[in-house]
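To start, the structure under review is shown below, and the notes come after it.
Residue numbers (this note's numbering): 26 to 124.
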């Protein structure tokens, strides 16, 4: 009976707690993207591409292209050089998960 009471108490606490979403916290470096790559209504007024909700593979391809110089850039080539492949994958996955 005591085990049942403990299980019910744990279930009650978990049900009343807000869910923790893995995509809610940006990985290091991802939050700075929104400085130029805006979202919402502001995205329609700029020539800088929108990143939120974009395919993670497309973001990775662009970032590696900027980093290795195969894609022309004004500042993205310098920014991309500061990230490892693992960091870029985490950033791309997080951005793709945002709506």
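Note that the Cβ used here is the ideal one computed from N, Cα and C, for glycine as well.
Item to check | DSSP three-state assignment for residue 54, whether helix, strand or coil | outcome: coil
Checklist entry - First and last residue of the alpha helix (DSSP H) that includes residue 86? => result 81 to 93
Checklist entry - residue 82 to residue 62, Cα distance in whole Å? => result One C-alpha to the other measures close to 17 angstroms.
Item to check | Residue closest to residue 107, alpha-carbon to alpha-carbon, out of 92, 64, 59, 49 | outcome: 92
Next on the checklist: Which same chain residues end up closer than 8 angstroms to residue 55 when comparing Cβ atoms and leaving out the 5 residues on each side of it in sequence?
Outcome noted: 115, 116, 119, 120
Next on the checklist: Along the chain, where does the alpha helix (DSSP H) containing residue 121 start, and where does it finish?
Outcome noted: 110 to 122
Checklist entry - Are residue 85 and residue 105 closer than 8 angstroms when you measure CB to CB? => result no
Checklist entry - Between which two residues does the alpha helix (DSSP H) containing residue 103 stretch? => result That run of the alpha helix (DSSP H) goes 101 to 105.
Checklist entry - Any chance the CB of residue 79 is under 7 angstroms from a heavy atom of the ligand GTP? => result The model depicted lacks the ligand GTP and carries no ligand whatsoever.
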